[in-house]
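K.L.:
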Amino acid sequence: MKIYTKNGDSGKTSLMNGISVSKSDDRIELLGTIDELSSNIGLAKVIADQSLSDRLSKIQKELMQMMAGIADPRNLVYRFTKEEILALEEEIDHLEDSFPRAKEFVLYGGCEQSARLDVARAVARRAERRFRKVAQNYGADSKAMQYMNRLSDYLYVAARYADYKASSDPDEGMRQEVVKNVMKSMGR
């Protein structure tokens, strides 16, 4: 079977329930944003330690479930539960208890891992906004929307934890000092 079907050439696509919609439909925009989020999580995952990589893989699977629920909203198999939200909250709490998180504005990009996680977080926030629009126009799984909100919080805290770990790594501290000196010598 070929990857291209030519069905979308007219600007339409189908949801899992067989309904044909415009590729500019709010649900398709949301699905695309969640796909972009999962791709960015994959980008963060490839340089993560095993524990974070495992957690990010689990999140990607949950995002697939979410996408299926958006594409087929009447299928209850894809609905999110309170337990999935609580599990993510526990992860956030565990991470926050692991380091002294600064409570002020953060300049992103403290290290490569945090930069990748912050890009994913920003996409998660966009997905959350698009989810609200879909909910207004078509209805949506309220637990999946809560999960998306917690996910952006999780990604934020995971990024700050990555910054914390990198700042306590002597090699990372030396790398940042070199960058600072180069920028200074360039008059910036």
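Under this note's numbering, the first residue of the sequence shown is numbered 227, with each subsequent residue one higher.
Think of the CB as a built atom: it goes at the ideal place given N, C-alpha and C, for glycine as much as any other residue.
Owing to the predicted nature of the structure, the values given are computational and were not obtained by experimental measurement.
What residue ranges within the segment 258–303 form continuous beta strand (DSSP E) runs of no fewer than 3 residues, ordered along the chain?
P.N.:
Listed in chain order, there is nothing to give.
K.L.:
Measuring only the C-alpha atoms, how far is Q362 from R355?
P.N.:
One C-alpha to the other measures close to 11 Å.
K.L.:
Counting along the chain, where does the beta strand (DSSP E) carrying S246 start and finish?
P.N.:
From DSSP, the beta strand (DSSP E) with S246 extends over 246–248.
K.L.:
Where do the ends of the alpha helix (DSSP H) carrying L343 lie?
P.N.:
Looking at the DSSP string, the run of the alpha helix (DSSP H) that includes L343 is 338–364.
K.L.:
Helix, strand or coil, according to DSSP, for E398 in the structure here?
P.N.:
Reliability fails at E398, whose pLDDT of 47 lies under 50, so the model's placement of it is uncertain and no value is given.
K.L.:
Taking the alpha carbon of D268 as the reference point, which residue from S277, L257, L282 has its own alpha carbon closest?
P.N.:
Note on residue identity: the sequence assigns Gly, not Asp, to residue 268. Nearest of S277, L257, L282 to G268, Cα basis: L282.
K.L.:
Rounded to the nearest angstrom, what separates V345 and L302 at their Cα positions?
P.N.:
So the two alpha carbons sit approximately 31 Å from each other.
K.L.:
List the endpoints of the continuous alpha helix (DSSP H) containing L333.
P.N.:
First-last for L333: undefined, no H or E at that position.
K.L.:
Between which two residues does the alpha helix (DSSP H) carrying S185 extend?
P.N.:
What the structure shows of the chain is the stretch from 227 to 414, and residue 185 is not part of that stretch, so it cannot be assessed.
K.L.:
On the three-state DSSP scale, how would you describe S240?
P.N.:
Three-state result, S240: strand.
K.L.:
Would you tell me roughly how many angstroms separate the C-alpha atoms of E330 and D298, rounded to the nearest one?
P.N.:
Each residue's Cα considered, the two are about 41 Å apart.
K.L.:
Between the segment 367–375 and the segment 308–322, can you find at least three pairs of beta-carbon atoms closer than 8 Å?
P.N.:
Result yes; three or more Cβ-Cβ pairs closer than 8 Å.
K.L.:
Compute the Euclidean distance between the alpha carbons of E262 and S394, then round it to the nearest angstrom.
P.N.:
If I take the Cα positions, the gap works out to 31 Å.
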